[in-house]
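Chemist: Sending over a structure as structure tokens; questions will come in a sec.
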Amino acid sequence: MEKTDLHRSLSVLPMGTVMKLTDLSARQIRYYEQQQLIFPKRNKGNQRLFSLNDVDKIIEIKNFLSNGMNIADIKHVYKKYQLQKKEKQHRYSKRLTDNETRRLLIDDILTAGGFKSKNPKDQSF
DNA sequence: CTTCTAACA
DNA sequence: TGTTAGTA
């Protein structure tokens, strides 16, 4: 991971901020965590602390859901994403960026699942 | 005042 | 998912 990703990985955002940034209820955000889709840190008071990467992922999950996918489908997406990222790095000397890998995987999943929307506004990538 | 967990007229 | 109770 590079230095430009450091600030995006810092968990410093409280629930209230994430609610506004994602336009989701605390209930929904906690549900994503309960489903092991996101892993926010906790402060000494047991309160959740999110990073900007968490926020991006939450919005992505939100879009996946509105595009017809269920929790299981989304878990598969991230599972494959992890595997594919390793494969690519080992198979080629060229190192793909996270965004490039995500783009390929997500586009593949949506196309194969028939979830691809014709409306660009419905997609977060 | 904000957030957390657990539970459901 | 919403909402509410009782905490921290």
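The UniProt record's numbering numbers the first residue of the first sequence as 1 and each following residue consecutively. We put the beta carbon where it would ideally sit given N, CA and C, even for glycine. These numbers were taken from a predicted model, which means no experiment stands behind them.
So for PHE50, helix, strand or coil by DSSP?
Modeler: The answer is strand: DSSP assigns PHE50 an E or B state.
Chemist: Under the DSSP definition of a beta bridge, which residues are partnered with LEU13?
Modeler: PHE50.
Chemist: For THR97 versus GLN84, is the C-beta spacing smaller than 8 Å?
Modeler: No, the Cβ-Cβ distance between THR97 and GLN84 is not below 8 Å.
Chemist: Which value, in whole angstroms, describes the spacing of the CA atoms of ILE59 and ASN70?
Modeler: Between ILE59 and ASN70, the C-alpha separation is close to 15 Å.
Chemist: Exposed or buried, which one is VAL12 when buried takes at least 16 other CB atoms within 10 Å?
Modeler: Its Cβ having fewer than 16 others within 10 Å, VAL12 is exposed.
Chemist: Within 10 Å of its beta-carbon, does PHE50 have 16 or more other beta-carbons around it, so buried, or fewer, so exposed?
Modeler: Counting Cβ neighbours within 10 Å, PHE50 comes out buried, since at least 16 surround it.
Chemist: Mapping DSSP to helix, strand and coil, what is LYS80?
Modeler: DSSP places LYS80 in helix when its eight states are reduced to three.
Chemist: Quick one: give me the first and last residue of the alpha helix (DSSP H) that residue 139 is part of.
Modeler: Here the chain has residues from 1 to 125 only, and residue 139 is not among them.
Chemist: Using the rule of at least 16 other Cβ atoms within 10 Å of the residue's Cβ for burial, across every protein chain shown, is PHE125 buried or exposed?
Modeler: Only weak support is given to the placement of PHE125: the predicted model assigns it a pLDDT of 45, under 50, and the value that follows is read from those uncertain coordinates. Exposed is the call here.
Chemist: Are the CB atoms of ARG8 and ASN53 within a distance shorter than 8 Å?
Modeler: Yes, these two residues count as a Cβ contact at 8 Å.
Chemist: In three-state DSSP terms, what is residue 198?
Modeler: This structure cannot speak to residue 198, because the chain is shown only from 1 to 125.
Chemist: Taking all protein chains shown into account, decide if LYS57 is buried (16 or more other Cβ within 10 angstroms of its Cβ) or exposed.
Modeler: With 16 or more other Cβ atoms within 10 Å, it is buried.
Chemist: Just to confirm before moving on: does the CB-CB distance between MET15 and ARG42 stay below 8 Å?
Modeler: Not closer than 8 Å, so no.
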